[in-house]
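First comes the structure, then the notes that go with it.
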Amino acid sequence: MADIKIGAYVCKGCGLGERLDIAQLVTVAKREGKAQVAREHDFLCNGAGVAMIREDIEKEGINHVVIAACSRRAKTDAFGFDNVAISRANLREGVIWVQPDTEQTKEITQEMAADYVRMGCAEAGRMQVAVTNPAHGSNKRILVVGGGISGMTSAVEAAKAGYEVLLVEKSGVLGGWVGRLYRRMPSHEPYSDPMETGVPELAKAIESNKRIKVYLNSVISRTSGAPGQFSVDISKESGGTTTENVGAVIMASGFEPYDLNKLPELGGGKSPDVVDQAGLEALARTASGGAIKRPSDGKEVKSVAFVQCAGQRDDSGKHLAYCSGHCCNTSIKQAMYFKDANPGVDTVVIYTDLRTPGNGEDFYRSAQRKGVIFTKGKVSEVVPGTDLQVKFKDLILNEDAVAKADLVVLATGMVANSGVDIDAAGGAPNVEGQPEAAAGNGKQVSVLNLTYRQGKDLPLLKHGFNDSHFICFPYETRRTGIYSCGPVRRPMDAQQAIEDATGAALKAIQAAENAALGRAAHPRSGDLSYPAFRREGCTQCKRCTVECPFGAIDEDEQRYPQFNESRCRRCGTCMGACPVRVISFENYSVDTVGYQIKAVDVPDQFSEKPRILVLACENDAYPALDMAAMNKIQYSAFARVVPVRCLGSVNTIWINDALTAGYDGVILMGCQKGENYQCHFVKGSEMAHYRMSKIDDTLKGMSLEVERVRTCEVAITDIQRAPSIINEMAETIQKIGLSPMKF
Amino acid sequence: MADAVATNETILVVGGGISGMTAALEAAECGKDVVLVEKNPSLGGRVSQLYKYFPKLCHPTCGMEINLRRIKANKRLRVLTLAQVEKVEGSPGDYAVTIKVSPRYVNENCTACGACAEAVSAEIDNSYNYNLNKMKAAYLPFTMAYPQRYVLDPSIIGTPEADKAKAACKYGAIDLGMQERSLTLKVGAIVWATGWRPYDAAKIQPYGYDRFDNVITSVEFERMMDPFGPTAGRLVRPSDGKEAKNVAFIQCAGSRDRNHLKHCSRICCMASLKQSTYVNEKFGDQAQSTIYYIDIRAIDRLEDFYQKVRANPTVKFVKSKVANVTEDRATGDVILHGVDTEGYHRYDNRHDLCVLAVGMEPSVDAHSIAAGVHADVSGFIDAGMANGAIFGAGCATNALDVNRAVQSATAASLRAIQVINKVSGAEV
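Chain order of the listed sequences is A and B.
Note that the working numbering has the first sequence beginning at 670, numbered continuously upward.
Note that the working numbering has the second sequence beginning at 93, numbered continuously upward.
In structure tokens:
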């Protein structure tokens, strides 16, 4: 890297020129900020302003630019210079829009602005232009685990985009559960009749596709590496293991139906004529459009009862708490098998809420037209016998009732094949004999067998599914480059699984493409920086490997952290965790923030000018403060706000440094943690709160009041609350007095 | 962006809501060139008008901030606002799309300083707030609007108001001479993500949306929760400004009804369950919500949220399709009439406010997109059919929640990439 040459540019537009002494700020940038070039401009973001900066970059060799103007969130098009490190000193949203325009406040407003210029220069001076992760791989082959409708779809769609695919299926045939259906729900208007599954055609298309290599009777016995350079062992049931390299992984390991035998009160396991939905499909396939015969005596079924939510939506804690989504439509479809073969068959669907969203409503109406009876009721018991008796409470008539049937179908729901629950053991290292999840049907076996330090499979969200918690970003799992789709991620029907699998194929392709360029994946997509690690200082405390929300960090043979850069999401939680501060990013480090904190001018203890450090999550708290400014909501002129990538990246040294330097208060603003976490890096905010829970001892050791440091959850909508948190701190300081730590 | 250059290796995404933004970003982050067109002055779509998402009760603008950051950071993605597709011609890998761009009267010099809005006194309906209040005719659509650039409403052009705005701008950002223009883009594939609109509640005559002040829609209810919204974040009755503590939610308002929308709009049950938490947020134990439903459709793990609301003693559930709504003129209260089908009891229930959980219909009738695009009778794109290289995404294809819309958009994005890779002959 060439020498750092800082150019600082102070804007006079948007009222900055009227409110602030711009010449003084330029001097601050030069003298204190060590800017080689410092200039002011009437209107920095317009063509002439930008051209001025560009000229300095080209002619003066400026490679670090400080824009002292508006927020880093504004005017990004104008200030998007390539190959220079850019720092934004937020004078508009951060200063003049949050301070009153009065004579009395002029001085402290100017001091605020001057500090932001110092901070901008300090940050720019410690930043590097990110180059790329040198250890990246460039394999773009996609591994799909699971040969059901989801996996088959992912494979075909990825191949269609030009990518090579490995498709691994543990059984001897492709197709999964959908392959075993007689028909599936319609996906087209008029949504009135069951349709062909399409599985044989899809299987044929896969077999003849030269880009897709299929492994049947095979499982994944080992997965190691990172996006762009995964190495996987594929083991055949008959013995023998093949090692393959792939760039990204799609986990489409599907589901098992909830075990019928767990529902003896509903006749499960008590009578061959009580079947689950998969059992009914088998009977329908045998009948192939003719009369369906029951298992016990081969008698043609003349009456059939469908029991919805069997072992689902269960509040007793014994069965599945969730709804599997597809079962109402599936029972409707299965009732049609009977009605279409013989309209004289009595079909009744007993349900509490009939859930047929979207065009399922057409399908429901079609069943009603075909004479299927729907009864709102709660089934308590199925009594086995030649005439099965379904006892239920009729919720409309509010009375007990009995339905007699030749055959009873229990809609039992889906249990995800999501592998082992790696968090069941408290996120401990992946060791032999680790207790495995007992979700749904019992003992689970690993699907991916990851060699990752944090465990063999993807973390689970809820109920054994490895869904993402993000509403806006459903595919973002906590293992970069590994995407789950289909019913392993969330209960769903075939149509939705097809859609889901197509989306997952895109994400896998994208992960491989980004890895090949050494770029980060979501949410810092395109970020070329990666964690750099100073091995000689490391004490092998393992905090980084444990705290990484994405399981990116393993340990090498000598027990040092091994970063697997392509697995890293660049949140900086490892940097925040490191007690000896040996982890940093080129464009974001202990120093880029630490020097900003040190750059602030802290007046002496008789000045009555406290300093409050605000470390704000750049995605939520910082925009909330920006928007407060846009609404002209004011906050203390003694606050100095530093955006951080995630609260998880906050290293406690920054707090210590601030307090030692005489700051009077410190506020950490991060996203909601816990069950409904909103942290974009999943665990970052939680880690920060945990670390900060121990700050009281530090404060006491320094003879400082514990009220001086506050960690809080701030949402992007806290446009009024975020400023008031700052103001409360200012009031607290007024009460307890300035810090005695000032020089 | 004045001149968007595009080739047959470019993907056009139509619609800048959550689905369109997702489709555009996912493709651009795979290294494809993308042009995203949005008919409104800013991106964000319907979700930017929501207060919270179910089931996490998190804020839509949070994900939007991430998406905007991704957009700002991506040089392959170009955004055209106030732009509408007029005509699509051609075939997969080779489309010519005519786009009409309406004048914003504000150019890229705008710093969003707000001086023009201060200078202008003319007011127009605030469409971001579903016209529940007024805003200045020089406006930033909402605080998080992207592009962060003001707009002059066409109604003031040629009036002294426009001159006031121009005079107030120090940066030469106001260009009153801007004209509507038409441009033609050559693209290889199209993702159609024009989203949904709330069903016109006035058409459901028995519920009196057009007659009674205190019958509102679910989307309007969302806006009332915004501290910067039309009621400054207060849940009050439009008729008299009295706090609305006793709220009725009517499910399937227009949905599952052959006279209106024949489909189930999927999201409305969850939306009303979520909105019942708003009433608690404002009034605690004083809140009273009653949800009139046919079936509560809280699918998969959303069931957990339903059970949580079900356990809330301030929320009542009545299984009933409400027959009609009347108004007590003296008090402004709304009275819901019908039969509780669980036990067949007639009811005439009085409430402060009635919220209609209105259904979703496509905001653009898919029959009108282009020749060869299959649409269902409701006007949704039939995404299961071959539609050339025009791929439906999100609520343009069906009534979807945000999570499923994003999934659908990601899938559509891949389908577009498949076409582009074929055009470019890219082999990996």
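No residue lacks a Cβ here, since even glycine has one placed at the ideal position from N, Cα and C.
The structure displayed is predicted, hence computed values, not measured ones.
- For A:Glu-1397, there are no CB contacts under 6 Å within the same chain when 5 residues up- and downstream are skipped.
- For A:Lys-1352, no CB of chain B lies under 8 Å from its own CB, so it is not counted at the interface with that chain.
- A:Leu-850 sits away from A:Val-943, with the two beta carbons spaced by 8 Å or more.
- Taking 8 Å as the cut-off, the beta carbon of B:Val-106 is found closer than this to the beta carbon of B:Trp-284.
- Nearest to A:Val-868 by alpha-carbon distance, out of A:Gly-848, A:Asp-862 and A:Ser-856, is A:Gly-848.
- The criterion of a C-beta distance shorter than 8 Å is not satisfied by B:Tyr-439 and B:Leu-353.
- Counting only the Cα atoms, A:Lys-703 lies some 12 Å from A:Ala-1268.
- Non-local C-beta neighbours of B:Thr-406 in its own chain, meaning closer than 7 Å and more than five positions away in sequence, comprise Asn-372, Asp-377, Ala-379, Gln-380 and Ser-381, ordered along the chain.
- A:Ala-947 has its alpha-carbon roughly 18 Å from the corresponding atom of A:His-988.
- B:His-355 places its beta carbon 8 Å or farther from that of B:Ser-455.
- Close partners of B:Ala-518 in chain A (Cβ separation under 7 Å): Gly-831.
- For A:Leu-760, the closest of A:Glu-687, A:Asp-725 and A:Ser-823 by C-alpha to C-alpha distance is A:Glu-687.
- Contact check for A:Trp-846 and A:Gly-817: beta-carbon distance about 6 Å, within the 8 Å limit, so the pair qualifies.
- The beta-carbon separation of A:Phe-1061 and A:Ala-1070, rounded to 6 Å, stays under the 8 Å limit for a contact.
- Under the 10 Å beta carbon count, A:Asp-1273 is surrounded by fewer than 16 other beta carbons and is classified as exposed.
- Short of 7 Å from the beta carbon of A:Gly-958, and not among the five residues preceding or following it, lie these beta carbons of its own chain, in chain order: Ala-1010.
- From the listed residues A:Asp-984, A:Arg-982, A:Gln-977 and A:Gly-1040, the smallest Cα separation to A:Met-1005 is found for A:Gly-1040.
- Counting the other Cβ atoms within 10 Å of the Cβ of B:Lys-228 gives 16 or more, which makes it buried.
- Taking 8 Å as the cut-off, the beta carbon of A:Ala-1189 is found no closer than this to the beta carbon of A:Tyr-1144.
- Residue contact with chain A for B:Phe-320: present (Cβ-Cβ distance below 8 Å to some residue of chain A).
- Per the DSSP secondary-structure output, A:Met-1338 pairs in a beta bridge with A:Ala-1285 and A:Cys-1381.
- Assignment of B:Gly-269 by DSSP, reduced to helix, strand and coil, places it in the coil class.
- Around the Cβ of A:Cys-1210, a 10 Å sphere holds fewer than 16 other Cβ atoms; the residue is exposed.
- With respect to A:Gln-1164, A:Gly-1082 sits apart: the two C-beta atoms are not nearer than 8 Å.
- Shown here, B:Met-113 sits in a helix according to DSSP, grouped into three states.
- When the alpha-carbon of A:Pro-1012 is set against those of A:Val-970, A:Gly-1029 and A:Thr-999, the nearest one is in A:Val-970.
- Unbroken beta strand (DSSP E) runs of no fewer than 3 residues, entirely contained in the region 1266-1324 of chain A, are found at 1281-1286 and 1308-1313, following chain order.
- In the structure shown, A:Cys-996 falls within a helical segment according to DSSP collapsed to helix, strand and coil.
- By the beta-carbon neighbour count (other beta carbons within 10 angstroms, threshold 16), B:Gln-499 is buried.
- A:Ser-1194 sits buried, since 16 or more C-beta atoms from the chains shown fall within 10 Å of its C-beta.
- Between A:Asp-746 and B:Ala-363, the alpha-carbon positions lie close to 37 Å from each other.
- Contact between A:Ala-979 and A:Leu-935 is confirmed by a C-beta separation of about 6 Å, below the 8 Å threshold.
- For B:Trp-288, the enclosing beta strand (DSSP E) begins and ends at 288-290.
- In the structure shown, the three-state DSSP call for B:His-466 is coil.
- Residues of the region 365-388 of chain B that bring their beta carbon within less than 8 Å of a beta carbon in chain A comprise Asp-387 and Ile-388, in sequence order.
- One thing to note: A:Gly-1241 has its Cβ no nearer than 8 Å to the Cβ of A:Arg-1148.
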